[in-house]
Structures are given as structure tokens and as C-alpha cells.
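Going line by line, the protein sequences match chains P and D. Each residue of the first sequence is one higher than the last, beginning at 1 in my numbering. Each residue of the second sequence is one higher than the last, beginning at 114 in my numbering.
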Amino acid sequence: NAGVTQTPKFRVLKTGQSMTLLCAQDMNHEYMYWYRQDPGMGLRLIHYSVGEGTTAKGEVPDGYNVSRLKKQNFLLGLESAAPSQTSVYFCASTMRGGNTEAFFGQGTRLTVV
Amino acid sequence: AQSVTQLGSHVSVSEGALVLLRCNYSSSVPPYLFWYVQYPNQGLQLLLKYTSAATLVKGINGFEAEFKKSETSFHLTKPSAHMSDAAEYFCAVSDDTGRRALTFGSGTRLQVQP
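Right, here's the structure in full:
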């Protein structure tokens, strides 16, 4: 199994450009998440989804949108990139249940210049 | 709201020495607690998780953590550090709402000196 796959792995954007990050999981997980990782701040939740067709905001949603049209895919969009969105983005998925393990992708390193 | 505090953003130990990484949490209900490890340029990998079945939890690569409710702590230890343990370690608490999202500490970077 591939687990959680993120594409692309690296990207450089100019301020104001748009892009979409793709997350795909092959574990039939209900829950999916997008986090961003910044130095000294751990990972912070951007958006999440508890099932196909549903999405909700996390702690730092401004400037991002998401969609979950298929259960296995969770897309993160930046409509107009800003330098403050320079970060490493991680997708994760997990099953229903209290202490189930979250599985993470390898990350996307995004630089906005 | 839940929160996680990791004391020490950088910890350096000698190879063969004890590793102790500290984690304190705040949660209004009994928490689900996790330790994840991140090697350079990789995603996060689960080390261990607290299931409430036992307060001392054993994980992969010789790591273990002890849940202490009275101290709201879940410190990570390993008796003897190996060079391959050099990585960043994150403590996390699972959401007690339906979304099951993780709240992470700020991370501790472990250096292992030869």
C-alpha cells in the first residue's frame, strides 16, 4: 500500500499565483486533514474532512480552500498565494475511533516569493 | 481547548545516554496522546500512543512513555540513545470532539553526539 501520497513535493510560487495540492490515501479512511508546519510551531490544522463531500475549517484556514469530492482524495487550494503561506504542508488520514493512528504524507514544501 | 507543551526545543545527548523528551498536556477530558517522530525531509511516523490500558506505553525503536495524570505529563524516554535517533519529535493530543484532529506541541529536535 502507498498509504498517503502528496503531490507535488516541492513548489515555488510567485505572490498572487494559485495552486492546488493533492492528497490521496488508499486506506479507505474516513477522516482527512491538512496541516502546515512552521519552525518552532509544530503542525497546525488548516482544514479537515470527516467524510466524502464534507469539509470544515481548522485553526488557520484563512487563504486556503479544500474539497473532498472522492473519499480517497483531499485537495488543498491556494487562490492567491502570499509569502506568509511559505511552509511545509502535510496531509494526514485516519479511521473513525478515539485513539486511532493518523497516517501522514511526505509533505509538500511550498515557497512563495 | 486542548494544548500541548514540549519543554526544550533542542536536546543533545551522547550516544548510549538516556533520552528524555518532555511533554505536558491540557485537556478537559481523558486524552488520547501520541508521540510522532519526523526524520529530515520526511513525514511523521507514529512512535507510540496512549490507549488508557496501561500507563507505561512501549513504542518502536526502544522508546517508551509514561502517562501521569496527576502531572498531566506524557514524557518520552529511551534508555540508550543511538545515532539513528536523531530527529524531531512531536507530542500530540487527539481532539475530544468528532473531528479527531491532532493538536501538536512545538517539537523537540534530538541531537545524538558520538
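All C-beta atoms in this analysis are idealised placements derived from N, C-alpha and C, irrespective of residue type, glycine included.
Nearest in C-alpha terms to Phe-104 (chain P), of all of P:Cys-91, P:Val-113, P:Gly-97 and P:Gln-85, is P:Cys-91. Spatial neighbours of Glu-30 (chain P) in its own chain (CB-CB distance under 7 Å, excluding positions within 5 residues in sequence) are listed in chain order as Val-50, Gly-51, Met-95 and Arg-96. Comparing alpha carbon positions, the residue from P:Thr-100, P:Ser-93 and P:Ala-81 closest to Val-112 (chain P) is P:Ala-81. Here the segment 191–205 of chain D lies against the segment 168–178 of chain D, with 3 or more beta-carbon pairs under 8 Å apart. As DSSP reads the structure, Arg-11 (chain P) sits in a beta bridge with P:Leu-110.
Beyond the five residues adjoining it in sequence on each side, Gln-25 (chain P) comes within less than 6 Å, by CB distance, of Val-4, Gln-72 and Ser-93 in the same chain, given in chain order.
Exposure of Asp-62 (chain P) is indicated by the presence of fewer than 16 other C-beta atoms within 10 angstroms of its C-beta. Judged by DSSP secondary structure, Thr-190 (chain D) falls within the beta strand (DSSP E) whose first and last residues are 186–191. Interface annotation, Lys-162 (chain D): in contact with chain P, CB-CB separation under 8 Å. Counting C-beta pairs with one atom in each stretch, the segment 197–208 of chain D and the segment 148–168 of chain D have three or more that are closer than 8 Å, which means they touch.
Phe-187 (chain D) sits close to Leu-146 (chain D), with the two beta carbons spaced by under 8 Å. At a Cβ-Cβ threshold of 8 Å, Gln-119 (chain D) and Val-206 (chain D) do not count as neighbours. Between Arg-212 (chain D) and Ala-102 (chain P), the CB-CB gap reaches or exceeds 8 Å. The continuous beta strand (DSSP E) containing Gly-51 (chain P) extends over residues 43–51. Any Cβ of chain P closer than 8 Å to the Cβ of Gly-172 (chain D) would place that residue at the interface, and such an atom is absent.
Chain-order list of chain P residues neighbouring Tyr-138 (chain D): empty, with the shortest C-beta distance near 13 Å, by a criterion of under 7 Å. Looking at the DSSP output, Glu-201 (chain D) sits in a beta bridge with D:Gln-151 and D:Arg-222. Between Thr-221 (chain D) and Leu-159 (chain D), the gap from beta carbon to beta carbon reaches 8 Å or more.
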